[in-house]
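>
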Amino acid sequence: MRILFFTPYFYPHIGGVEKHVEKISRKLLEKGHKVFLITQKTLDQEINQNSSCQTDAQSDNEAKKIKKIDLTIQTEHKFNNKLEILYLDFGKEGKLKKFRIWLLLWKNRNFIKQADVIHCHDVFIWYLPFRFLFFNKPIFTTFHGYEEYPLRKKTILIRKLSEILSYGNICIGDFIKKWYKTKPDYVSYGAAKKNIKYQISNIKYKNSAVFFGRLDEQTGIQTYLRAYKLIKKKIPDFNFLVIGDGKYRTQIGKDVEVIGFKKNPEKYLQHYRFAFVSRYLSILEAMAAKRLVFAVYDNPIKRDYLKMSPFAKGIIITDSSKELSERVIYFINNPQEERDMVEEAYKWVKDQTWENMVNTYLRLWKNRSK
């Protein structure tokens with residue numbers, strides 16, 4: 003089967019959706035399918051267009067081949083000689099951007115023609131005119147997360163239109179049904195690789211936490227920083243490592259160590275006791291590594307994002323830096339209760355594998371393409 007994914011960003015741009023798409027693509031390739039990605043060219047891509055494309059294969063020291071097609075429009079990357087990515091330069095944000103997107107996709111419409119299945123990750127709007135030009139072409143959508151709070155009516159309308167015009171959809175999180183009124187075929191929370199064992203001897207810093215993600219409002223980094231300062235007053239040797247980048251990096255760096263984005267930040271979990279993370283993929287990776295998760299929210303959508311999840315009882319959820327600091331100190335002093343929560347969370351996450359996730363995609367395409 004020939005599968006075409008549309009995704010807003012891809013490596014070298016780093017994020018949860020990027021990782022989700024890469025993991026699914028790799029599993030599909032393993033099963034003998036052909037996969038092609040179309041995404042937008044970013045500043046990261048322009049900087050790295052003459053260097054290797056960073057993927058999970060980096061850990062295997064595999065070489066990546068880069069083939070330039072037309073640098074004024076697009077760049078094609080190949081890694082593992084199988085997965086092909088077409089980076090398109092859509093230009094600046096603005097009212098005309100969607101027309102530039104549609105024009106470039108029209109120029110590359112052969113990729114659409116050749117696909118057996120087309121699947122959009124959030125960006126169904128890219129495909130909108132082609133939905134009618136290729137009326138019988140199976141098209142699906144995965145809805146990841148939320149855009150902003152409060153939600154705009156236009157955002158909800160676009161989501162609903164994407165749902166109606168898709169053959170089927172996957173929602174990443176049950177909260178999407180409530181806030182966007184979406185009727186999902188499947189609800190998922192992503193997956194995690196269980197390759198780190200929970201051992202006290204592995205923890206480099208006994209009293210410590212690690213954060214990884216974007217340094218912006220949606221990840222709760224400011225709440226974590228305030229909590230860290232409160233914890234530090236009671237436990238002076240408490241260590242906090244921040245892995246990520248964003249508009250708050252300079253500010254955060256004045257108080258804690260910030261090491262920027264890393265391709266596989268979850269590997270740092272083995273050296274830190276607690277995980278300060280609030281996004282699904284990071285939460286699942288921390289639970290798979292058997293680390294107690296402290297997740298935070300600052301609006302009603304994010305509250306439901308966390309509390310409506312099936313793993314809510316296996317993590318700590320709060321909107322208060324004071325409460326967060328108190329809970330951290332409590333578990334430092336009560337390690338057995340920490341282990342009990344960690345084990346409870348692990349019972350659920352151990353079944354959330356990328357193999358199961360890709361099988362969900364295959365079932366969706368098979369059942370809804372008939």
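Mapping of the sequence shown onto the numbering used here: position 21 corresponds to residue 23, and the numbering continues sequentially without gaps. A virtual CB, placed ideally from N, CA and C, is assigned to each residue, including glycine.
#1: According to DSSP, is Ser327 helix, strand or coil?
#2: Along the chain, where does the beta strand (DSSP E) containing Asn171 start, and where does it finish?
#3: Quick one: Cα of Thr143 to Cα of Asn171, how far?
#4: One question on the structure: do His1 and Phe263 come within less than 8 Å of each other, judged by their Cβ atoms?
#5: Out of Lys256, Val360, Ile261, Ser210, which one is the CA nearest neighbour of Pro238?
#6: On a CA-only basis, which of Asp218, Lys43, Ile5 is nearest Leu31? Give me that one, please.
#7: Leaving out five residues on either side along the sequence, give the residues of the same chain with a beta carbon under 6 Å from the beta carbon of Pro131.
#8: I'd like to know if the region 180-197 and the region 283-294 are in contact, where contact means that at least 3 CB-CB pairs between them fall below 8 Å.
#9: Within its chain, find whatever has a CB closer than 6 Å to the CB of Trp367; leave out the 5 residues flanking it on each side and keep chain order.
#10: Give me the Cα-Cα distance between Met343 and Ile166, rounded to the nearest whole angstrom.
#11: Put His146 into one of helix, strand or coil per three-state DSSP.
#12: Which of helix, strand or coil does DSSP assign to Ala290?
#13: Do you know how far the Cα of Glu345 is from the Cα of Trp356?
#14: So, helix, strand or coil for Arg281, using DSSP?
#15: Is the beta carbon of Leu283 sitting closer than 8 Å to the one on Gly18?
#16: Is the separation between the beta-carbon of Lys245 and that of Phe214 shorter than 8 Å?
#17: Kindly identify the DSSP beta-bridge partner or partners of Ala297.
Inspection of the coordinates gives the following:
#1: In the structure shown, Ser327 adopts helical secondary structure according to DSSP, grouped into three states.
#2: 170-174
#3: Taken atom to atom, the span from the alpha-carbon of Thr143 to that of Asn171 is near 5 Å.
#4: This structure does not reach residue 1, given that the chain is present from 3 up to 372, and the question cannot be answered.
#5: Ser210
#6: Ile5
#7: Once the five neighbours on either side are set aside, the close Cβ partners of Pro131 are Trp104.
#8: yes
#9: Val119
#10: 40 Å
#11: Looking at His146 - three-state DSSP - the assignment turns out to be strand.
#12: Here DSSP, grouped into helix, strand and coil, assigns Ala290 to helix.
#13: Cα to Cα, Trp356 sits roughly 21 Å from Glu345.
#14: coil
#15: It is a contact, given that the beta carbons lie within the stated cut-off.
#16: The question names Lys, yet the displayed sequence has Ile at residue 245. Contact flag set, yes.
#17: Ile319
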